[in-house]
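K.L.:
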Amino acid sequence: MNRYEALFEDEEDVLSGTPISKYWGIASKTSQDSLEEEFDAIVERIAAMEAILEERHDLEDFDASLKNYCFINREKIDNLKKSVYMELAGKLIYRAMD
Numbered sequence: 003m004n005r006y007e008a009l010f011e012d013e014e015d016v017l018s019g020t021p022i023s024k025y026w027g028i029a030s031k032t033s034q035d036s037l038e039e040e041f042d043a044i045v046e047r048i049a050a051m052e053a054i055l056e057e058r059h060d061l062e063d064f065d066a067s068l069k070n071y072c073f074i075n076r077e078k079i080d081n082l083k084k085s086v087y088m089e090l091a092g093k094l095i096y097r098a099m100d
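Take 3 as the starting number for the sequence shown in my numbering and just add one per residue.
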């Protein structure tokens, strides 16, 4: 079970909206500096993942492979996206309290 999967059983009720809407609601109230730092952390993570994949796979057809994987595994990807949005929202809240 995903870390936040139980929260999505009735996603319209949890926190009065979806994980995506809650993230953007929190992001709209977060300082620009905090948003830029968190976005940079996301880009760094993506760059590291691409570097790892490049070491192990041919990246020539990487975008097509990603799109195909997302199409075939739509439900899994949607649930993972929700978890990522919840994790990112938590980071923004934590930064705001700091």
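For each residue, glycine too, the CB sits at the ideal point set by N, CA and C.
DSSP on S33, reduced to helix/strand/coil?
P.N.:
The residue you call residue 33 lines up with position 31 of the sequence shown. The answer is coil: DSSP assigns S33 none of H, G, I, E or B.
K.L.:
I need the DSSP call for D60, collapsed to helix, strand or coil.
P.N.:
Working through the sequence shown from its first residue, we reach residue 60 at position 58. Here D60 sits in coil by DSSP.
K.L.:
Can you tell me whether N81 is helix, strand or coil according to DSSP?
P.N.:
Here residue 81 refers to the residue found at position 79 of the sequence shown. If DSSP states are grouped into helix, strand and coil, N81 belongs with the helices.
K.L.:
Using C-beta distances below 6 angstroms, list every residue in its chain close to E39, excluding the 5 sequence neighbours before and after it, in chain order.
P.N.:
Here the question's residue 39 lines up with position 37 in the sequence shown. None.
K.L.:
How would you label A91, buried or exposed, when you count the other beta carbons within 10 angstroms and need 16 or more for buried?
P.N.:
The sequence position of residue 91 within the sequence shown is 89, counting from 1. Buried, by the Cβ-count rule.
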